[in-house]
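Scroll down for the structure; my scribbles are underneath it.
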Amino acid sequence: MGGQPERRTQTPLAIRVEGCARTFPDGVRALDRVDLDIRAGETLALLGPSGCGKTTLLRLIAGLDHPDPGGRILFDGEDVTALPIERRRVGMVFQSYALFPNMSVAANVAYGLKIQGMAPDMRRARVTEMLEMMRIAPLADRAIDQLSGGQRQRVALARAIAPRPRLLLLDEPLTALDAKLRDALRVEIDQLLRALGTTALYVTHDQAEAMALGDRVVVMTHGRIAQIGTPYEIYHRPAGRFVADFVGLMNRIRGTLSGDGVRCPGGIVPLAAAGPSHRPAGARRPGDGAPVEIQFRPEDAVVAAPGQGHVRGTVTASFFLGDRVRILVEGVGTTPLTVETGGRIDPLTDATLAAGAPIELRIQSAPLAPEGEA
Ligand SMILES: Nc1ncnc2c1ncn2[C@@H]1O[C@H](COP(=O)(O)OP(=O)(O)OP(=O)(O)O)[C@@H](O)[C@H]1O
Ligand SMILES: [Mg+2]
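Take numbering that gives the first Met the number 0: the final residue in the sequence shown is number 373, and no numbers are missing along the way.
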């Protein structure tokens with residue numbers, strides 16, 4: 000362990016979670032035999048709804064809790080399942096800061112270094128370096144309760160990275176902050192993780208955050224992993240219905256195959272729009288009249304001039320969201336569609352977007368899936 004001023008931490012660590020289940024004494028099975036590899040140096044975003052087991056998994060990796068018998072945690076191939084947290088060299092940042100309120104900012108950041116037995120002058124240098132990195136150097140002598148939420152979160156980050164952990168575990172670190180600050184800190188965390196090169200697991204239930212920060216994203220549900228992939232794969236090639244609906248919004252139209260299109264109540268969506276690459280790998284094209292379901296994201300449909308659309312429906316509501324306008328359309332499929340278009344239309348004054356107005360859509364991308372699948 001040295002106090003060298005270089006920013007990189009240790010050689011990044013590769014983590015393997017093998018067959019890890021966690022059943023609590025009251026019988027709740029929070030994790031269901033999870034297998035997961037975290038590559039050395041990557042930021043893995045762990046995304047899933049409340050209660051799906053994210054924190055439980057994080058605590059197993061940290062060593063704050065232990066898996067049911069049979070589960071193993073490996074750090075660079077070494078079995079650490081029985082090692083307590085203080086021997087795993089991990090840094091953690093929690094949603095609730097978990098700072099020492101009666102200590103100054105500098106003392107909070109120095110705490111882990113002191114525990115490590117680092118000499119006082121080296122400690123001071125490291126604390127200064129961390130506070131500068133997180134741009135809170137002027138706050139060094141402040142008490143924690145005199146800081147804003149964003150400043151506290153910076154202290155928590157500085158404290159976690161000061162001992163140069165081999166692995167950083169972040170559990171919804173930005174949830175307590177307002178949207179603007181969250182965006183700003185998210186960018187900073189991204190830069191920080193890249194500069195440090197540390198392997199990191201970032202837990203969130205915010206899909207935008209997971210996509211922005213994760214080299215790969217793990218989507219969890221009910222104690223299991225539903226999909227692991229790059230943000231692009233998760234969004235555009237969701238492994239199933241749960242992922243498709245949890246990560247963004249997915250429209251579905253049920254219809255029947257008809258020549259080069261899919262016939263639905265609102266018209267015919269040409270399959271050329273879908274493109275063969277959207278077909279599930281290895282799937283054969285079903286025959287005419289076969290029930291199929293097409294899927295598309297809100298931004299994959301455009302409002303067309305009368306007579307120019309693939310399908311025709313009725314506007315049920317529209318909302319101005321600033322950067323875009325969201326339009327709800329019924330009558331095309333069996334369930335209402337959500338379509339989004341650029342923000343230069345005011346739905347309050349534009350009669351074409353008033354409730355009850357007819358609307359035509361061109362659907363630009365429509366992955367074809369046999370009905371009931373995907
Ligand atoms: N100590 C415990 N004893 C019993 N059940 C627990 C315990 N800790 C968590 N659970 C249960 O395990 C499940 C997973 O909890 P966990 O905290 O991992 O969820 P999470 O994905 O982190 O959710 P959130 O997004 O709300 O933080 C939940 O059903 C929860 O109620
Ligand atoms: Mg949690």
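The C-beta atom is built at its ideal place from N, Cα and C for all residues, glycine as well.
Rounded to whole angstroms, the gap between the alpha carbons of R215 and R158 is 25 Å. Residue selection by CB proximity (closer than 6 Å to any heavy atom of ligand 1) returns F23, D25, V27, A29, G47, S49, G50, C51, G52, K53, T54, T55, H204 in chain order. Shortest gap from the CB of D64 to any heavy atom of ligand 2: 7 Å or more. For G312, the enclosing beta strand (DSSP E) stretches over residues 310-319.
No heavy atom of ligand 2 is found nearer than 7 Å to the CB of D322. Under the Cβ criterion (8 Å, minimum of three pairs), the segment 10-22 counts as touching the segment 69-88.
Within the chosen limit of 7 Å, ligand 2 reaches the beta carbon of D170 through at least one heavy atom. Counting only runs of 4 or more residues that sit fully inside the segment 171-257, the alpha helix (DSSP H) segments are 178-195, 206-212, 230-235, 240-245, in chain order. Judged by DSSP secondary structure, R122 falls outside any beta strand (DSSP E) and instead within the alpha helix (DSSP H) spanning 119-132. For R153, the enclosing alpha helix (DSSP H) starts and ends at 148-160.
Membership of Q115 in the alpha helix (DSSP H) is indicated by the continuous run 104-115. Scanning T337, I358, P290 for the CA closest to the CA of S257 turns up P290.
In the DSSP annotation of this structure, the continuous segment of the alpha helix (DSSP H) that includes I60 starts and ends at 53-61.
Looking only at P297, L173, S317, I233, the smallest Cα-Cα distance to D345 is reached by S317.
Under the 10 Å beta carbon count, R193 is surrounded by fewer than 16 other beta carbons and is classified as exposed. Counting along the chain, the unbroken beta strand (DSSP E) around P269 starts and ends at 266-269. With a cutoff of 8 Å on beta-carbon distance, A350 and V314 are scored as not near each other.
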